[in-house]
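In the numbering used here, the protein residues as written are 15 to 376.
Ideal Cβ positions, reconstructed from N, Cα and C, are used throughout, including at glycine.
Note that this is a predicted model, so its numbers are computed, not measured.
Step one of this worksheet: look at the structure below.
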Ligand SMILES: *Cc1c(COP(=O)(O)O)cnc(C)c1O
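Okay, here's the thing in structure tokens:
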């Protein structure tokens, strides 16, 4: 936590706004919008997953539709497709950003069209804070007339050619879950440049109540709005977002300095124009065996590290869904490790980790 979270939460108590609306919700939305730039509207929600669910619904995804989804991601990018009765079609990554491969995306679109079904939306992810190839992906998306839902859950504070992640697609989503770069313990947001669309998201998130003195409903709603108490935490967290990004990037720089000389250890570089919040620092090792050796040696010292996300097309729950893949994310999963990346790590903590890894590799 930063300096002012408790103060803003106390305001919620003092004013008795203990509800999924109130001044903290409004001010948190303003703070996010202010950060993301001119003309951006924000709806604070109960989670990033809820934001993806509403976002896909607003893009018209429904029963029987197909949605193209980055395979190399957390399951929450794909689950809401299934909530809507639609089918995920998974697309592999490219090695430069670890995100959506433009070539495989286009191949998938052509193949789905040839099978007689136009995909309803594309879920593109800025994984670990690294922007995807925005121009290439959006060029394909607009050429085929398919909207992009930009999963920016891990990328608040990242930019592509100076433009904040979260504002690049038709709809963007953010997460403030406990593990993200800033947190409200649980929470998320839907981001759009279309104020009407943002208002529609709030309408659906508050049980789709039509204007009437009684409870009148012409649509199916959800209970997805953010609590005014948690939004108080969010207001405080927005004040320290820059500090958090700086801390994460400093972790990455330290790890790179200490480990880049080691045989077979690789880091994901920022291509020209890409700026990552470096939410997590990840390394690629030469092989699955070395990856496991490092992970288990760290565990022995009570240091938690984790393999990279297991691709969705390899998950038991999605094994019957179509996938356009070339082995890229499967290899990343086999060889990759997320290193401890908290914003409060000290240099001596980081040194313990890099010393251990250096010892194993040499
Ligand atoms: C965390 C995360 C989500 C879901 O956000 P929640 O707030 O935890 O529901 C979605 N996509 C990605 C890539 C995430 O990392």
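Give the range of the beta strand (DSSP E) segment to which residue 141 is assigned. Within the chain shown, numbered from 1, the residue matching residue 141 stands at position 127. Looking at the DSSP string, residue 141 is not in any beta strand (DSSP E), and its letter there is neither H nor E.
According to DSSP, is residue 321 part of a helix, a strand, or is it coil? Taking the first residue of the chain shown as position 1, residue 321 is located at position 307. Correct three-state label for residue 321: strand.
Pairwise C-alpha distance: residue 348 and residue 310: Within the chain shown, numbered from 1, the residue matching residue 310 stands at position 296. Within the chain shown, numbered from 1, the residue matching residue 348 stands at position 334. Each residue's Cα considered, the two are about 15 Å apart.
Nearest by alpha-carbon distance to residue 189: which of 361, 356 and 46 is it? If you number the chain shown from 1, residue 189 lands on position 175. If we check each option's Cα against that of residue 189, 46 comes out closest.
Rounded C-alpha distance that separates residue 300 from residue 268: Here residue 300 corresponds to residue number 286 of the chain shown, with the count starting at 1. Here residue 268 corresponds to residue number 254 of the chain shown, with the count starting at 1. So the two alpha carbons sit approximately 20 Å from each other.
Distance between residue 222 and residue 60 (C-alpha atoms, nearest Å): By 1-based counting over the chain shown, the position of residue 60 is 46. By 1-based counting over the chain shown, the position of residue 222 is 208. Roughly 16 Å separates the two Cα atoms.
Express the C-alpha separation of residue 21 and residue 141 in angstroms, rounding to a whole number. Within the chain shown, the letter at position 127 stands for residue 141. Within the chain shown, the letter at position 7 stands for residue 21. The alpha-carbon separation between residue 141 and residue 21 amounts to approximately 33 Å.
Would you say residue 332 touches ligand 1, meaning its beta carbon is less than 6 Å from a heavy atom? What you label residue 332 is simply residue 318 of the chain shown in a count that begins at 1. No, Cβ of residue 332 sits at least 6 Å from all heavy atoms of ligand 1.
Where residue 139 and residue 162 are concerned, what is the direct C-alpha to C-alpha distance, given to the nearest angstrom? By 1-based counting over the chain shown, the position of residue 139 is 125. By 1-based counting over the chain shown, the position of residue 162 is 148. Distance between residue 139 and residue 162, taken at the CA atoms: about 10 Å.
Label residue 251 either buried or exposed according to how many other C-beta atoms from any shown protein chain fall within 10 Å of its C-beta, with 16 as the threshold for buried. Working through the chain shown from its first residue, we reach residue 251 at position 237. With 16 or more other Cβ atoms within 10 Å, it is buried.
Within the same chain, show all residues whose beta-carbon is closer than 7 Å to that of residue 72, passing over the 5 residues directly before and after it, in chain order. Reading the chain shown from its first residue, position 58 is the one you call residue 72. Same-chain partners within the cutoff: 185, 211, 214 and 215.
Does the Cβ-Cβ distance between residue 342 and residue 109 come in under 7 Å? The sequence position of residue 342 within the chain shown is 328, counting from 1. The sequence position of residue 109 within the chain shown is 95, counting from 1. Yes, these two residues count as a Cβ contact at 7 Å.
In three-state terms, what does DSSP make of residue 243? One-based indexing of the chain shown puts residue 243 at position 229. Residue 243 falls in the helix class under three-state DSSP.
In whole angstroms, give me the CA-to-CA distance for residue 106 and residue 121. In the chain shown, the residue the question calls residue 106 occupies position 92. In the chain shown, the residue the question calls residue 121 occupies position 107. Rounded to whole angstroms, residue 106 to residue 121 spans 11 Å at the Cα level.
Would a C-beta distance cut-off of 7 Å place residue 337 and residue 104 closer than the cut-off? Here residue 337 is taken as the residue at index 323 of the chain shown, counted from 1. Here residue 104 is taken as the residue at index 90 of the chain shown, counted from 1. Closer than 7 Å, so yes.
Quick check: does the Cβ of residue 168 come within less than 6 Å of any heavy atom belonging to ligand 1? Here residue 168 refers to the residue found at position 154 when the chain shown is read from its first residue. At least one heavy atom of ligand 1 is found less than 6 Å from the C-beta of residue 168.
Evaluate residue 84 with the Cβ neighbour count: other Cβ atoms within 10 Å of its Cβ, from every protein chain shown; 16 or more gives buried, anything less gives exposed. Counting from one through the chain shown, the residue named residue 84 turns up at place 70. The Cβ neighbour count for residue 84, taken over all protein chains shown within 10 Å, is at least 16; the residue is labelled buried.
Leaving out five residues before and five after residue 254 in sequence, what residues of the same chain have Cβ atoms less than 6 Å from its Cβ? Within the chain shown, numbered from 1, the residue matching residue 254 stands at position 240. Counting only residues of its own chain and dropping the five nearest sequence neighbours on each side, residue 254 has a CB closer than 6 Å to the CB of 16.
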